[in-house]
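If you read the protein sequences in the order shown, they are chains A and B. With the working numbering applied, the first sequence covers 78 to 334. With the working numbering applied, the second sequence covers 26 to 270. The structure appears right after this line, and notes come after that.
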Amino acid sequence: MTQWHLPVAKVAAVRIGVICAVVAALEILCRLGTIDRVTMIPPSEMASSLWDILRSGRFNSDIFFTLYNVTAAAVLAIAAGFFIGAGLHALPRLRRLVVPMLAAYYAVPTFVFYPLLIVAFGVGRTALVVMGALFGVVAMIVNTTLGLDHVPPVVVKTGAIMRLGGARQLLLMRLPSAAPHLVTGVKLAVAYSVIGIVAGEFILATAGMGKRIAFSYDNFDNRTMYGMLLLLLIGVMIVNGALSAWERRLHRRFGQR
Amino acid sequence: MTSRRLDQILLAAGVLVLWQLLHWAVGPDVVSSPWATVARAIELMRTVAFWGHAAATASAFGLASVIAIAAGIGLGLWLGLHRFAGDVADPILGTVYSIPKITLYPLILLVFGLGISAKIAFGVIHGIFPIAIFTMNAVRNVAPVYRRTARVMRLSSVATAATILAPAALPEIVTGVRVGVALTLLGTLIGELFAATSGLGFALIRAMDVHAVTDILAITMLIFIFAASVNAALGLVERRARHGG
Chain A
78 MTQWHLPVAK VAAVRIGVIC AVVAALEILC RLGTIDRVTM IPPSEMASSL WDILRSGRFN
138 SDIFFTLYNV TAAAVLAIAA GFFIGAGLHA LPRLRRLVVP MLAAYYAVPT FVFYPLLIVA
198 FGVGRTALVV MGALFGVVAM IVNTTLGLDH VPPVVVKTGA IMRLGGARQL LLMRLPSAAP
258 HLVTGVKLAV AYSVIGIVAG EFILATAGMG KRIAFSYDNF DNRTMYGMLL LLLIGVMIVN
318 GALSAWERRL HRRFGQR
Chain B
26 MTSRRLDQIL LAAGVLVLWQ LLHWAVGPDV VSSPWATVAR AIELMRTVAF WGHAAATASA
86 FGLASVIAIA AGIGLGLWLG LHRFAGDVAD PILGTVYSIP KITLYPLILL VFGLGISAKI
146 AFGVIHGIFP IAIFTMNAVR NVAPVYRRTA RVMRLSSVAT AATILAPAAL PEIVTGVRVG
206 VALTLLGTLI GELFAATSGL GFALIRAMDV HAVTDILAIT MLIFIFAASV NAALGLVERR
266 ARHGG
């Protein structure tokens with residue numbers, strides 16, 4: 078990487094310029110009627126709708142419903158995925174067989190099982206949380222096994238020289254060394270939990286942001302729909318951005334890939 | 026080799042036993058038994074309607090893949106060769122890639138309407154970004170010494186691209202295509218669940234509406250087999266590109 082690098086500030090400025098230009102172009106096209114209102118409302122109206130939703134608090138129950146479910150599903154997926162991943166890492170023969178199935182997992186829209194979960198758990202929180210956890214768990218399994226693979230042998234040997242016991246070796250040596258991949262797993266598990274839950278709410282739910290978006294869509298209430306959509310996207314981007322920043326810091330610190 | 030075959034048989038047996046146990050535990054209203062499901066899948070494959078849906082999915086998936094690959098590689102090449110544009114676009118691409126595209130389904134429906142264009146659009150927005158990101162990084166990571174060698178040899182820019190850049194970047198690009206095409210299949214199927222009037226995803230949503238448990242599981246199983254085969258085939262192509270030279 079001996080290539081010349083452009084000043085970071087200039088790159089950032091141009092980036093903001095590009096994003097503003099795209100938003101402005103959308104705004105103008107919507108205002109001129111080139112994009113009709115039935116298809117999309119101007120970005121400024123999306124923002125004002127978002128502001129109304131937050132200020133009036135009329136959808137707070139939906140927002141907290143989704144937030145709670147995503148948190149529960151992500152925690153379940155991360156915990157279960159970590160233990161299953163560690164187990165698979167310890168059993169290479171089983172792992173070699175299961176890996177192709179895990180690789181194909183995300184090519185199947187898992188939420189086709191959602192109606193079956195509704196029959197099993199009823200319409201409500203449980204079915205959604207199980208859905209989200211089922212969607213997120215495999216990403217965590219895959220990244221846990223990858224992370225444990227990347228623990229350098231020298232780290233394990235150092236632990237042995239220091240005569241650390243099994244638990245301390247795991248906590249003090251292996252886990253920090255695998256941390257960058259584990260955080261990648263956490264990031265993906267959260268992202269997939271959101272997908273599973275929002276998809277479930279689109280299909281059938283009593284509350285939630287996905288339910289609210291689908292309801293407004295069905296009722297041609299584009300203002301509410303785009304406001305909620307914007308809120309959902311901003312929320313996802315903030316969480317994802319924070320986890321990505323953490324991930325990058327760990328990767329730099331541990332100097333892996 | 027034989028122990029591997031044995032392992033595979035054991036795994037298949039294990040999956041079937043777990044499935045059967047689940048069926049007994051939760052009852053036929055939630056999970057049909059593996060035997061009933063396989064029988065139903067075979068029965069479905071004998072109907073004309075099933076192949077109509079399969080053909081609809083395959084053509085939408087094929088078209089979406091072609092668009093995602095062509096546009097993704099084109100965009101990635103351009104961004105990879107133009108350092109400044111690449112630096113500007115990199116985090117934007119990453120963010121768009123990480124958005125759960127399913128949340129955009131009302132937007133796609135409003136823009137494209139119900140039908141084949143909506144599900145192709147859904148497939149493309151899933152697949153294009155990973156392909157563009159992998160391609161951009163592949164071109165950027167070509168060792169500078171290669172480019173300097175090309176200059177020393179006074180190669181024209183076309184010859185540089187064809188004989189130096191393309192072979193050097195190809196393995197990484199193929200990885201991007203593998204990831205992108207798998208996501209395109211997912212996107213196409215999601216599009217069919219929400220926005221189609223034909224295709225396997227549509228058959229699935231209809232089975233969901235009338236709560237035909239055996240149909241849901243049979244179609245899901247067939248989709249899973251198809252997805253796993255696509256994945257395996259792409260993995261083979263990727264290994265060729267990486268090692269076959």
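The beta-carbon is built from N, C-alpha and C at its ideal position, and this holds for glycine as well.
For residue j and residue i, believed in contact at Cβ under 8 Å, the rounded distance
i                 : j                 : result
Leu-211 (chain A) : Gly-273 (chain A) : 7 Å
Pro-155 (chain B) : Gly-201 (chain B) : 6 Å
Ser-270 (chain A) : Gly-209 (chain A) : 4 Å
Phe-188 (chain A) : Ala-284 (chain A) : Between Ala-284 (chain A) and Phe-188 (chain A) the Cβ distance is about 18 Å, and since that is not below 8 Å, they are no contact.
Met-246 (chain B) : Thr-62 (chain B)  : 6 Å
His-328 (chain A) : Pro-253 (chain A) : With a Cβ gap of about 13 Å, His-328 (chain A) and Pro-253 (chain A) do not count as contacting.
Gly-105 (chain B) : Val-164 (chain B) : 3 Å
Val-136 (chain B) : Thr-116 (chain A) : 6 Å
Val-147 (chain A) : Leu-179 (chain A) : So it is not a contact: roughly 22 Å between Cβ atoms.
Leu-229 (chain B) : Ile-244 (chain B) : 5 Å
Ala-89 (chain B)  : Gly-148 (chain B) : 3 Å
Ala-151 (chain A) : Val-267 (chain A) : 5 Å
Leu-211 (chain B) : Ile-248 (chain B) : No, Leu-211 (chain B) and Ile-248 (chain B) are not in contact; Cβ-Cβ is about 10 Å, not under 8 Å.
Where residue i falls, given that 16 or more other Cβ within 10 Å makes a residue buried
i                 : result
Asn-137 (chain A) : exposed
Thr-239 (chain B) : buried
Gln-80 (chain A)  : Note that Gln-80 (chain A) scores 48 on pLDDT, short of 50, meaning its location in the model is unreliable; the coordinates nonetheless yield the value given after this. With fewer than 16 other Cβ atoms within 10 Å, it is exposed.
Thr-188 (chain B) : exposed
Glu-324 (chain A) : buried
Asn-299 (chain A) : buried
Gly-199 (chain A) : exposed
Gly-152 (chain B) : buried
Lys-126 (chain B) : buried
Val-99 (chain A)  : exposed
Cys-44 (chain A)  : What the structure shows of chain A is the stretch from 78 to 334, and residue 44 (chain A) is not part of that stretch, so it cannot be assessed.
Leu-205 (chain A) : buried
Arg-289 (chain A) : buried
Gly-270 (chain B) : Caution applies to Gly-270 (chain B), whose pLDDT of 47 falls short of 50 and renders its modelled position unreliable; the value that the coordinates give is listed next. When all chains shown are included, Gly-270 (chain B) counts as exposed.
Glu-68 (chain B)  : exposed
Ala-291 (chain A) : buried
Arg-334 (chain A) : Caution applies to Arg-334 (chain A), whose pLDDT of 45 falls short of 50 and renders its modelled position unreliable; the value that the coordinates give is listed next. Exposed, by the Cβ-count rule.
Asp-112 (chain B) : buried
Phe-251 (chain B) : buried
Pro-186 (chain A) : buried
Leu-139 (chain B) : exposed
Met-239 (chain A) : exposed
Val-177 (chain B) : exposed
Ala-237 (chain A) : exposed
Met-78 (chain A)  : In this prediction, Met-78 (chain A) scores a pLDDT of 42, lower than 50, which makes its location untrustworthy; the coordinate-derived value is nonetheless stated afterwards. Flag for Met-78 (chain A) reads exposed.
Lys-144 (chain B) : buried
Lys-203 (chain B) : With the sequence shown as reference, residue 203 (chain B) is identified as Arg, and Lys is not the correct amino acid for it. So Arg-203 (chain B) ends up on the buried side.
His-48 (chain B)  : buried
Phe-160 (chain A) : exposed
Extent of the continuous alpha helix (DSSP H) run through residue i
i                 : result
Ile-96 (chain A)  : 85 to 109
Lys-144 (chain B) : 141 to 165
Pro-253 (chain A) : 252 to 280
Phe-297 (chain A) : Here Phe-297 (chain A) belongs to no alpha helix (DSSP H), and DSSP marks it neither H nor E.
Leu-118 (chain B) : 108 to 123
Thr-116 (chain A) : From DSSP, Thr-116 (chain A) is part of no alpha helix (DSSP H); its letter is neither H nor E.
Arg-65 (chain B)  : 59 to 70
Leu-240 (chain B) : One detail in the question is off: residue 240 (chain B) reads as Asp in this sequence, not Leu. Here the alpha helix (DSSP H) through Asp-240 (chain B) covers 238 to 264.
Gly-164 (chain A) : 137 to 167
Lys-249 (chain A) : The displayed chain sequence assigns Leu, not Lys, to residue 249 (chain A). That residue, Leu-249 (chain A), is in no alpha helix (DSSP H); it is neither H nor E in DSSP.
Leu-131 (chain A) : 120 to 133
Leu-134 (chain B) : 130 to 137
Contact with chain C by residue i, beta-carbon distance below 8 Å
i                : result
Gln-33 (chain B) : Among the protein chains of the structure shown, namely A and B, there is no chain C.
Residue i Cβ short of 7 Å to the ligand COA heavy atom set
i                 : result
Leu-327 (chain A) : The model depicted lacks the ligand COA and carries no ligand whatsoever.
**Request:** Ignoring anything shorter than 4 residues or poking outside the stretch 178 to 231 of chain B, list the alpha helix (DSSP H) runs there in chain order.
**Result:** 182 to 185, 191 to 220
**Request:** Tell me the start and end of each unbroken alpha helix (DSSP H) in the stretch 182 to 246 of chain A that is at least 4 residues and wholly inside, in chain order.
**Result:** 191 to 198, 202 to 226, 230 to 238
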